[in-house]
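I have placed the structure first, in the form of structure tokens, so that the comments after it can refer back to it.
There are 2 protein chains.
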Amino acid sequence: MRILISNDDGIHAPGIHALYDAVKDLGDITVAAPDTERSAVGHAITLSDPIKCREVEKNGEFFGYAIGGTPADCVKLAIYSLLDEKPDLVISGFNLGQNVGISVIYSGTVSAATEGTILGIPSIAISLCTFTEPIWETPQKVIRTLIERFKTTGLPPETLMNVNVPNIPFDRIKGYRTTTMGRSRFEEIFHKRTDPRGRAYYWMDGEMSLYDGQQDTDVQAVDEHFVSLTPLWFDLTHYQVMDEFRGGWDGIPKA
Amino acid sequence: MRILISNDDGIHAPGIHALYDAVKDLGDITVAAPDTERSAVGHAITLSDPIKCREVEKNGEFFGYAIGGTPADCVKLAIYSLLDEKPDLVISGFNLGQNVGISVIYSGTVSAATEGTILGIPSIAISLCTFTEPIWETPQKVIRTLIERFKTTGLPPETLMNVNVPNIPFDRIKGYRTTTMGRSRFEEIFHKRTDPRGRAYYWMDGEMSLYDGQQDTDVQAVDEHFVSLTPLWFDLTHYQVMDEFRGGWDGIPKA
Chain A
0 MRILISNDDG IHAPGIHALY DAVKDLGDIT VAAPDTERSA VGHAITLSDP IKCREVEKNG
60 EFFGYAIGGT PADCVKLAIY SLLDEKPDLV ISGFNLGQNV GISVIYSGTV SAATEGTILG
120 IPSIAISLCT FTEPIWETPQ KVIRTLIERF KTTGLPPETL MNVNVPNIPF DRIKGYRTTT
180 MGRSRFEEIF HKRTDPRGRA YYWMDGEMSL YDGQQDTDVQ AVDEHFVSLT PLWFDLTHYQ
240 VMDEFRGGWD GIPKA
Chain B
0 MRILISNDDG IHAPGIHALY DAVKDLGDIT VAAPDTERSA VGHAITLSDP IKCREVEKNG
60 EFFGYAIGGT PADCVKLAIY SLLDEKPDLV ISGFNLGQNV GISVIYSGTV SAATEGTILG
120 IPSIAISLCT FTEPIWETPQ KVIRTLIERF KTTGLPPETL MNVNVPNIPF DRIKGYRTTT
180 MGRSRFEEIF HKRTDPRGRA YYWMDGEMSL YDGQQDTDVQ AVDEHFVSLT PLWFDLTHYQ
240 VMDEFRGGWD GIPKA
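Here the protein sequences come in this chain order: A and B. Using numbering that gives the first Met the number 0, you'd call the opening residue of the first sequence number 0 and step up by one each time. Using numbering that gives the first Met the number 0, you'd call the opening residue of the second sequence number 0 and step up by one each time.
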């Protein structure tokens, strides 16, 4: 099995090394990740600048490719140029911090898996729901379980799996639950400051204060100590409103 | 009517001035756009750096806010901090270049409208399908028609409208068509180069060679000289596969 690993926290982040260690005996592993942190980059790609790529060692041996680009760039470059054969699976992670609710659309971690899916490779994004004191052993056990299941179950076409793992010891995880992307989101605050030359600038800040209260969401599952498994895709069409939309907007007179 | 205008080509791009000129007599207009081009940034936001903001004049009068951030930053900052009241409508455009098919997910233009929708404001992204010799008069007439219809029809909840306008004279436009986001995408090529110190770098290049051949898509509509109107949203859940997914993945033994 050929596995391509990426992330958005960068090739030196502890999470990607924890992921590598968890899967290294399961097949032929390639690491292609940003050379620095690229969080909250959404599904950005680098068109106007060159993309640097250098080889990184760990303990004196080749570890992976450090790429001067976004997570989506890394997956594209690896699949089109760095790898001789297409991988069987793309895994993005382990992200330090959950990717649930509306924040999924800003997520570089998810973006790497989305890019894999667009290029026809089954892909998984996996995040640990904490910013402090990560218990990496839990997502390590989870990803091995998921890969074992993947070998028989696969993923539906055009579907990536967004996995969020509660930051608790593995034996306290209650199980796995299929979820939707919730509506919980950060309510932003902008702190206004003034630079020494009198010019305004802002810092974006916020907290996930707007809890959606919905059932079966990723947010709810991790709160209840389940691993959330959310099937995502890249088609933004709002199919549920197509008929209403067509009724209201088709056939407008031209002027 | 209060209208917030943004884009991803930057506050000095001809497209945003063409949009401003088209709508300036329709209400109270605020321009908040990136200070430089921010194309293909996806739905990125700026969390690790300060966001600069300065006022820009045009013909000796205040024109708008030039913001050192992404399109999503601009809309967030305007709604949370720059505006006294929430706008009634967000319009992102006119983008130079179409936003159809898979490229929608990389689009900063669409991202600005997505952010408006997340914050509860009806939002429209509008792009002109050309990179050369833009006929701005056509999207100018189109956006006025759409705003007039919007006043009575509105937009469904959580829905933004992604508009693509063929670059032909307005009287040759065949009409308006509700479409889905197609699957057409760029097939990338990476050109490998070596810098003077022998280090590898790459340029991403490509062409939209993978035509989906589907019906009712944005790609097809603009090819047939219709204005495409695609209802988009920000929920990435792949609802169509939920049952299949649940069957395959729920209830995995924990280890």
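Backbone N, C-alpha and C define an ideal beta-carbon position, used for all residues, glycine too.
Taking 7 angstroms as the limit between beta carbons, can you name the residues of its chain near residue i, skipping five residues before and five after?
i: residue 48 of chain A; result: none
i: residue 71 of chain B; result: 42, 43, 44, 110, 111, 114
i: residue 191 of chain A; result: 199, 201
i: residue 56 of chain A; result: 62
i: residue 242 of chain A; result: none
For my contact list, residue i and residue j are in at a C-beta cut-off of 8 angstroms; report their separation, rounded to the angstrom.
i: residue 135 of chain B; j: residue 17 of chain B; result: 4 angstroms
i: residue 240 of chain B; j: residue 158 of chain A; result: 5 angstroms
i: residue 166 of chain B; j: residue 133 of chain B; result: 6 angstroms
i: residue 188 of chain B; j: residue 204 of chain B; result: 5 angstroms
i: residue 108 of chain A; j: residue 6 of chain A; result: 6 angstroms
i: residue 120 of chain A; j: residue 85 of chain A; result: 6 angstroms
Please say whether residue j and residue i have beta carbons closer to each other than 8 angstroms?
i: residue 68 of chain B; j: residue 35 of chain B; result: no
i: residue 177 of chain A; j: residue 228 of chain A; result: yes
i: residue 142 of chain B; j: residue 88 of chain B; result: no
i: residue 218 of chain A; j: residue 181 of chain A; result: yes
i: residue 126 of chain B; j: residue 93 of chain B; result: yes
i: residue 194 of chain B; j: residue 201 of chain B; result: no
i: residue 53 of chain B; j: residue 248 of chain A; result: no
i: residue 33 of chain A; j: residue 78 of chain A; result: no
i: residue 96 of chain B; j: residue 61 of chain B; result: no
i: residue 139 of chain B; j: residue 220 of chain B; result: no
i: residue 236 of chain A; j: residue 236 of chain B; result: no
i: residue 46 of chain A; j: residue 39 of chain B; result: yes
i: residue 233 of chain B; j: residue 104 of chain A; result: yes
i: residue 172 of chain A; j: residue 253 of chain B; result: yes
Quick one: what's got a C-beta closer than 8 angstroms to residue i's C-beta in the same chain, skipping five residues either side?
i: residue 208 of chain A; result: 185, 186
i: residue 155 of chain B; result: 230
i: residue 75 of chain B; result: 44, 114, 118
i: residue 82 of chain B; result: 1, 3, 29
i: residue 25 of chain A; result: 0, 2, 143, 146
i: residue 206 of chain B; result: 185, 186
i: residue 168 of chain A; result: 134, 136, 137
i: residue 196 of chain A; result: none
i: residue 13 of chain A; result: 95, 133, 135
Sorted by chain position, which residues of the same chain lie with C-beta nearer than 6 angstroms to residue i's C-beta, five sequence neighbours on each side aside?
i: residue 211 of chain B; result: 181, 182, 183
i: residue 101 of chain B; result: 184
i: residue 98 of chain B; result: 106, 108, 109, 126
i: residue 152 of chain A; result: none
i: residue 164 of chain A; result: 127, 137, 138, 141, 226
i: residue 216 of chain A; result: 178, 179, 181
Check each residue of the region 195 to 215 of chain B: if its Cβ is closer than 7 angstroms to any Cβ of chain A, include it; give the result in chain order. 198, 199, 200, 201, 202, 203
Would you mind listing the beta strand (DSSP E) stretches within the region 128 to 196 of chain B that are 3+ residues and don't spill past its ends, in chain order? Along the region 128 to 196 of chain B, the beta strand (DSSP E) occurs as fully enclosed runs of 3 or more residues at 159 to 165, 174 to 177, 184 to 193, listed in sequence order.
For a minimum of 3 consecutive residues, which ranges assigned as the beta strand (DSSP E) are wholly contained in the region 14 to 71 of chain B? 27 to 33, 50 to 57, 60 to 66
Where the region 29 to 45 of chain A meets chain B: residues whose CB sits under 8 angstroms from a CB there: When CB distances to chain B are screened at a threshold of 8 angstroms, the residues of the region 29 to 45 of chain A falling below it are 36, 38, 39, 40, 41, 42, 43, 44, 45, in chain order.
Complete alpha helix (DSSP H) runs within the region 201 to 252 of chain B (minimum length 4 residues, chain order): You should have 217 to 222, 241 to 248.
Using a beta-carbon distance cut-off of less than 7 angstroms, what residues from the region 231 to 245 of chain A approach chain B? 231, 232, 233, 234, 235, 236, 237, 240, 241, 243, 244, 245
Return the residues of the region 112 to 135 of chain A that lie within a Cβ-Cβ distance of less than 8 angstroms from chain B, sorted by chain order. Residues of the region 112 to 135 of chain A with a C-beta less than 8 angstroms from any C-beta of chain B: 113, 117, listed in chain order.
By the 8 angstroms beta-carbon criterion, what residues does the region 70 to 92 of chain A contribute toward chain B? 71, 72, 75, 76, 79, 80
Please go through the region 89 to 135 of chain A and give each complete beta strand (DSSP E) segment of 3 or more residues, from N-terminal end onward. 122 to 128
For the region 153 to 179 of chain A, list every residue whose C-beta sits within 9 angstroms of some C-beta in chain B, in sequence order. Of all residues in the region 153 to 179 of chain A, 153, 154, 155, 156, 157, 158, 159, 160, 161, 169, 170, 172, 173, 174, 175, 176, 177, 178, 179 have a Cβ within less than 9 angstroms of some Cβ in chain B.
Using a Cβ-Cβ cut-off of less than 8 angstroms, list which residues of the region 4 to 30 of chain A approach chain B; keep chain order. none
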